[in-house]
Every structure is written in structure tokens, then in C-alpha cells.
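Asks: I am attaching a structure below and will ask some questions about it afterwards.
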């Protein structure tokens with residue numbers, strides 16, 4: 002249990018998937034202009050990551066990992082090189098599936114998240130989360146916690162970024178620095194802030 | 072002496088491919104102008120070594136995915152094109168990943184998941200979708216190379232600064248002489264960490280915008 006809590010705290014704050022591993026930068030920079038859309042996208046990422054990371058864990062450990070096919074009588078087969086293609090396919094399929102389910106059962110949630118779901122397939126944070134899960138050889142319960150808290154970390158970063166950008170509109174930024182450049186520097190300062198959590202021991 | 076050198080150079084400068092490359096490096100740089108593919112650009116730039124390997128891998132993947140998709144552009148049905156594109160890209164990325172593991176194991180360990188993340192790198196999908204689907208194979212291939220070079224130029228620039236300032240080395244060899252350290256010079260530890268990458272790339276883009284605006 003303690004282990005799970007430390008994975009959660011670590012992936013939300015210290016090892017924030019956006020600020021420490023730079024994943025999901027593209028949509029982070031494109032969507033963070035507006036607080037409302039940023040919140041929507043953040044929630045969608047939490048939602049999708051919580052589902053895709055465990056599903057990919059199952060796929061990897063039951064089909065792809067070295068020796069995983071022992072239940073099918075093929076203990077020597079190592080298909081782990083296929084993980085890239087299968088992970089991205091699963092993510093695309095799950096996103097599509099979630100979209101249809103939400104549309105059917107909760108039109109209000111669909112209206113809020115709908116536009117962002119297709120964008121998420123190409124968000125590197127999702128695929129990155131699944132790949133990190135393999136690289137760090139998490140167990141199933143660790144993967145569930147990791148997926149959810151990485152998503153939460155990403156959402157936290159994009160929501161605070163959109164809040165900062167709102168204030169930044171009143172600032173007098175030099176001409177060449179406007180737009181992309183100042184956003185990167187702001188993100189850098191945010192990353193410094195998040196790194197301070199590394200000093201906290203639980 | 073000069074004439075013999077300028078003639079082929081002049082001819083090269085007039086070709087479409089050369090213009091594409093210059094455009095991708097300068098006016099339409101994928102990273103600093105189109106804001107694509109930043110994820111990996113930041114993560115692999117702690118050392119020049121990894122940055123260069125990553126640049127080569129990405130350039131080859133973009134070029135060949137453009138080539139493949141552009142050759143198939145008349146047979147790909149419109150409504151499933153994204154899936155086809157992702158399948159082509161993922162196959163190429165797996166090839167790149169396996170080659171790296173076979174021949175440059177240490178570097179591939181350092182790059183960790185970021186080679187795999189070329190799949191979701193927006194540059195590759197963006198070029199496939201925006202260029203290769205509507206242009207003949209050779210031009211698409213050159214466009215891939217051009218965008219790869221544009222991406223590499225930023226990546227290598229950032230990695231150069233981060234490795235030099237962060238650890239006083241280039242390609243793993245010490246550049247800053249010991250004398251400086253004895254006089255009290257200290258490596259800037261921030262450059263090795265994540266925030267350094269964000270700040271360097273921000274300053275980089277600032278410089279580029281200022282230079283471009285002055286020109287026009």
C-alpha cells in the first residue's frame with residue numbers, strides 16, 4: 002500500500018509526466034490557452050490513461066513479454082518488439098470505444114470531452130505511460146495507480162499552465178518572446194517548482 | 072578556384088529539394104515554427120550523442136514513411152488513412168528501435184522510451200498527412216529529409232548548449248579545461264535537469280524570432 006502511495010505522489014509531482022519527462026507537450030502548448038478546454042482535456046487524459054495503462058499491461062504480460070505465451074504452449078516466444086504497434090492500436094481502439102460509450106450513455110459528458118478524445122490518440126503522454134509501465138516493470142495494481150496518477154499529474158500541469166497564461170495576457174512581454182517562447186520558459190519555471198517536491202520524503 | 076566551386080553549388084541551390092530544406096530549417100522549422108514534436112526534442116538533449124542518434128532516427132523515419140505513404144496515396148481509402156499512416160510509421164519505428172538495440176545498445180538504453188515515442192511524434196504524422204498524401208514519392212522523401220534536418224538543427228543546438236553548460240563536455244569529452252574549475256567555475260546543474268531544457272528552447276526560439284523579424 003505504501004508503495005502505491007509513493008508511486009502516486011511520485012508520478013503526480015516529482016516525476017510529472019509532462020514537466021519531468023516532457024510527454025504530451027504538443028497538446029499542452031496548443032490547448033492551454035483556455036482554462037475550460039484545458040480542464041476538459043486534462044480530465045479526458047486522466048480517464049483514458051487509467052484505462053489504457055492496465056489494458057496494455059494485460060496485453061504485454063499475457064501476449065508479448067518473453068515467455069508470456071507459455072499458456073499457449075510456446076514458452077520460448079518473445080514478441081516484445083511488437084509492443085509499439087500493439088500499444089498504439091489498443092490506445093486508438095480504446096479511445097474510439099470510450100467515445101462511443103460516452104456518446105451513448107452520457108451526452109453531457111460527451112459534449113464536454115467529445116472534441117478532445119480523438120486528439121488523445123496522438124498524445125505522447127498516453128503511449129509514453131504504457132511504455133514506462135513496461136520499462137519499470139510495474140505489477141498490475143502499480144500500473145493502475147501509475148496510469149491514473151500520471152494522468153492526474155498531466156491534468157494538474159495543463160490546468161495550472163492555462164491559469165498562468167490567463168494572467169500572462171496582462172504582462173508586457175518583449176516582441177520576439179511572445180507566444181511559444183514565453184510559454185516554454187514559463188513551463189521551465191513550473192518544472193522547477195514541481196522539482197521542489199523531490200525534497201519531501203514520505 | 073572559386074568558379075568551379077560556385078557552379079555546382081549554384082545549381083544545387085536552385086533545386087526544389089534545396090529550397091525545401093532551407094524552408095524547413097528556417098521559415099517553417101517543425102519545432103520552433105510549427106510547434107511539433109517537442110516532447111522528444113527536450114528529453115534527449117542532455118547529451119549531444121543521444122541527440123544526434125535521435126535526429127538520425129527521426130529523419131530516416133520521416134523520410135521513409137513519407138516515401139511509403141506517398142507511393143500508396145492512390146490506393147489508401149480516405150476514411151481509414153490515419154490507421155494506415157500509423158501502421159506504416161509504427162513499423163518503421165520498430166525497425167529503428169531494433170536496429171539501435173542491435174548496434175548501439177548503450178545509446179538505445181539512454182533513449183529509453185523516446186525512440187518508441189517517434190510514433191506519436193506529430194512531425195511524422197503531420198508530414199504524412201499534410202505532404203505525402205498529395206505529392207509524388209521523390210518530393211515527399213525529400214520533404215521528409217528536409218523536416219528531419221529542421222528538427223535535428225534545433226535538437227543538436229539545444230543538446231550542444233545543455234551538455235556544454237551542464238557538464239562541461241561535448242560527446243562525453245571534457246571541453247572546459249581543469250584550470251577553469253580550479254579558478255572556481257562550476258557546471259550549471261540546472262541545464263542537466265528538465266527545466267533547463269524548457270528554458271534553453273524558449274531562449275532559442277526567442278533568438279530565432281528576433282533574427283527572422285529583423286530580416287523581413
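Residue numbers (this note's numbering), protein chains in the order written: chain A, 2 to 203; chain B, 72 to 287. All C-beta atoms, glycine included, are put in the ideal place defined by N, C-alpha and C. Predicted model, so just to flag it, every value in this text is computed and none were measured.
Using a Cβ-Cβ cutoff of 8 Å, what residues of the stretch 16-28 of chain A are near chain B? List them in chain order.
Replies: Hits within the stretch, in order: 20, 21, 22, 23, 24, 25, 26, 27.
Asks: Check residue 245(B) in the structure and name its three-state DSSP category.
Replies: Here residue 245(B) refers to the residue found at position 174 when the second chain is read from its first residue. Note: residue 245(B) maps to strand in three-state DSSP.
Asks: Would you give the residue range spanned by the alpha helix (DSSP H) that residue 133(B) belongs to?
Replies: Taking the second chain and counting its residues from 1, one reaches residue 133(B) at position 62. Element bounds for residue 133(B): 119-142.
Asks: Return the residues of the stretch 47-79 of chain A that lie within a Cβ-Cβ distance of less than 7 Å from chain B, sorted by chain order.
Replies: Correct list: empty, as no residue qualifies.
Asks: Counting only runs of 4+ residues fully inside the stretch 177-212 of chain B, write out the alpha helix (DSSP H) ranges in chain order.
Replies: Counting whole runs of 4 or more residues, the stretch 177-212 of chain B contains the alpha helix (DSSP H) stretches 193-201.
Asks: Going along the chain, which residues of its own chain have a beta-carbon closer than 7 Å to the beta-carbon of residue 118(A), five neighbours each way excluded?
Replies: Position 117 of the first chain holds residue 118(A). These residues qualify, in order along the chain: 45, 96, 99, 100.
Asks: Can you list the residues of chain B that residue 43(A) reaches, using a CB-CB cut of under 7 Å?
Replies: For the purposes of this step, residue 43(A) is identified with residue 42 of the first chain, where counting begins at 1. Within 7 Å Cβ-Cβ: nothing; residue 43(A) doesn't reach chain B, min ~17 Å.
Asks: Could you name the residues that DSSP lists as bridge partners for residue 240(B)?
Replies: Along the second chain, one-based indexing puts residue 240(B) at 169. For residue 240(B), which the question treats as bridged, DSSP gives the partners 245(B).
Asks: Can you give me the start and stop residues for the alpha helix (DSSP H) that residue 101(B) sits inside?
Replies: Locating residue 101(B) in the second chain gives position 30, counting from the first residue. Counting along the chain, residue 101(B) falls outside any alpha helix (DSSP H), and DSSP gives it neither H nor E.
Asks: Beta-carbon within less than 7 Å of residue 213(B)'s beta-carbon, same chain only, minus the 5 sequence neighbours each way: which residues are those?
Replies: Taking the second chain and counting its residues from 1, one reaches residue 213(B) at position 142. Only 88, 91 meet the Cβ criterion.
Asks: Taking its Cβ as the centre, do 16 or more other Cβ atoms sit within 10 Å of residue 149(A), making it buried, or is it exposed?
Replies: The count along the first chain starts at 1 and reaches residue 149(A) at position 148. So residue 149(A) counts as buried.
Asks: Does DSSP put residue 191(A) in a helix, a strand or coil?
Replies: Sequence index remark: in the first chain, residue 191(A) carries index 190 (1-based). Residue 191(A): helix per DSSP, three-state reduction.
Asks: Helix, strand or coil for residue 7(A) per DSSP?
Replies: By 1-based counting over the first chain, the position of residue 7(A) is 6. Here residue 7(A) sits in helix by DSSP.
Asks: Nearest by alpha-carbon distance to residue 270(B): which of 197(A), 195(A), 188(A), 200(A) is it?
Replies: Within the second chain, numbered from 1, the residue matching residue 270(B) stands at position 199. The candidate whose alpha carbon is nearest that of residue 270(B) is 188(A).
Asks: At the level of alpha carbons, what is the spacing between residue 141(B) and residue 200(B)?
Replies: Indexing the second chain from 1 puts residue 141(B) at position 70. Indexing the second chain from 1 puts residue 200(B) at position 129. Computed Cα separation, rounded: 10 Å.
Asks: Nearest-angstrom Cα distance between residue 176(A) and residue 185(A)?
Replies: Along the first chain, read from residue 1 onward, the residue named residue 176(A) stands at position 175. Along the first chain, read from residue 1 onward, the residue named residue 185(A) stands at position 184. Their Cα atoms are separated by approximately 15 Å.
Asks: Using the beta-carbon count (16 or more within 10 Å), is residue 198(B) buried or exposed?
Replies: In the second chain, counting from the first residue as 1, residue 198(B) sits at position 127. Its Cβ being crowded by 16 or more others within 10 Å, residue 198(B) is buried.
Asks: Here's the rule I'm using: 16 or more other beta-carbon atoms within 10 Å means buried, otherwise exposed. How should residue 277(B) be labelled?
Replies: Taking the second chain and counting its residues from 1, one reaches residue 277(B) at position 206. Classification of residue 277(B): buried, given that the 10 Å Cβ count is 16 or more.
Asks: Going by alpha carbons, who is nearest to residue 24(A) out of 124(A), 193(A), 83(A), 180(A)?
Replies: Here the question's residue 24(A) lines up with position 23 in the first chain. Residue 24(A) has its Cα closest to that of 124(A), out of 124(A), 193(A), 83(A), 180(A).
Asks: Quick check: residue 132(B) and residue 171(B), are their CB atoms within less than 8 Å of each other?
Replies: Within the second chain, residue 132(B) is the residue found at index 61, counting from 1. Within the second chain, residue 171(B) is the residue found at index 100, counting from 1. No.
Asks: Grouping DSSP H, G and I as helix and E and B as strand, with all else coil, what is residue 21(A)?
Replies: By one-based count along the first chain, residue 21(A) stands at place 20. Looking at residue 21(A) - three-state DSSP - the assignment turns out to be coil, as it is neither helix nor strand.
Asks: Using a C-beta to C-beta distance shorter than 7 Å, which residues of chain A count as neighbours of residue 107(B)?
Replies: Taking the first residue of the second chain as position 1, residue 107(B) is located at position 36. The answer, in chain order, is 27.
Asks: Would you please verify whether the beta carbon of residue 188(A) is less than 8 Å from any beta carbon of chain B?
Replies: In the first chain, the residue the question calls residue 188(A) occupies position 187. Closer than 8 Å: yes.
Asks: Nearest-angstrom Cα distance between residue 159(B) and residue 196(B)?
Replies: In the second chain, counting from the first residue as 1, residue 159(B) sits at position 88. In the second chain, counting from the first residue as 1, residue 196(B) sits at position 125. Whole-angstrom Cα-Cα distance: 10 Å.
Asks: If we cut at 8 Å on Cβ distances, does residue 3(A) have a partner in chain B?
Replies: In the first chain, counting from the first residue as 1, residue 3(A) sits at position 2. Answer no: the Cβ-Cβ gap between residue 3(A) and chain B never drops below 8 Å.
Asks: What residues from the stretch 157-181 of chain B come within 8 Å of chain A, judged by C-beta to C-beta, listed N to C?
Replies: Residues passing the 8 Å Cβ filter: 157, 158, 161, 162, 164, 165, 168, 169.
Asks: Any idea what DSSP makes of residue 280(B), helix, strand or coil?
Replies: Sequence index remark: in the second chain, residue 280(B) carries index 209 (1-based). In this structure, residue 280(B) counts as helix in the three-state DSSP scheme.
Asks: Residue 114(B) and residue 185(B): beta carbons closer than 8 Å?
Replies: As a first step, residue 114(B) is located in the second chain; it is residue number 43 there, counting from the start. As a first step, residue 185(B) is located in the second chain; it is residue number 114 there, counting from the start. Contact: yes.
Asks: Distance check for residue 100(B) and residue 13(A), CA to CA, integer angstroms please.
Replies: Position 12 of the first chain, counting from 1, holds the residue named residue 13(A). Position 29 of the second chain, counting from 1, holds the residue named residue 100(B). If you take the alpha carbons of residue 13(A) and residue 100(B), they lie about 32 Å apart.
Asks: Would DSSP call residue 184(A) helix, strand or coil?
Replies: Residue numbering aside, residue 184(A) sits at position 183 when the first chain is read from its first letter. Reduced to three states, the DSSP call for residue 184(A) is helix.
Asks: Kindly list, in the order they appear in chain B, the residues whose Cβ is closer than 7 Å to that of residue 143(A).
Replies: Taking the first residue of the first chain as position 1, residue 143(A) is located at position 142. Going along chain B, no residue has its Cβ under 7 Å from residue 143(A), so there is no contact; the nearest lies around 17 Å.
Asks: Could you list the residues in the stretch 214-246 of chain B with a C-beta less than 8 Å from some C-beta on chain A, going in chain order?
Replies: Listed in sequence order: no entries.
Asks: Mind the definition here: the stretch 128-136 of chain A touches the stretch 49-57 of chain A only if three or more C-beta pairs lie below 8 Å; say whether that holds.
Replies: Contact holds: three or more Cβ-Cβ distances are below 8 Å.
Asks: Is the stretch 238-248 of chain B touching the stretch 149-162 of chain A in the sense that three or more CB pairs, one from each, lie closer than 8 Å?
Replies: Output reads no: the stretch 238-248 of chain B does not touch the stretch 149-162 of chain A.
Asks: Name, going along the chain, the residues of the stretch 250-283 of chain B whose beta-carbon falls closer than 9 Å to a beta-carbon of chain A.
Replies: Cβ contacts with chain A come from 261, 264, 265, 266, 267, 268, 269, 270, 271, 272, 273, 274, 275, 276, 277, 278, 279, 280, 281, 282, 283.
Asks: So, do the stretch 163-178 of chain A and the stretch 19-39 of chain A have three or more beta carbon pairs nearer to each other than 8 Å?
Replies: The stretch 163-178 of chain A is in contact with the stretch 19-39 of chain A.
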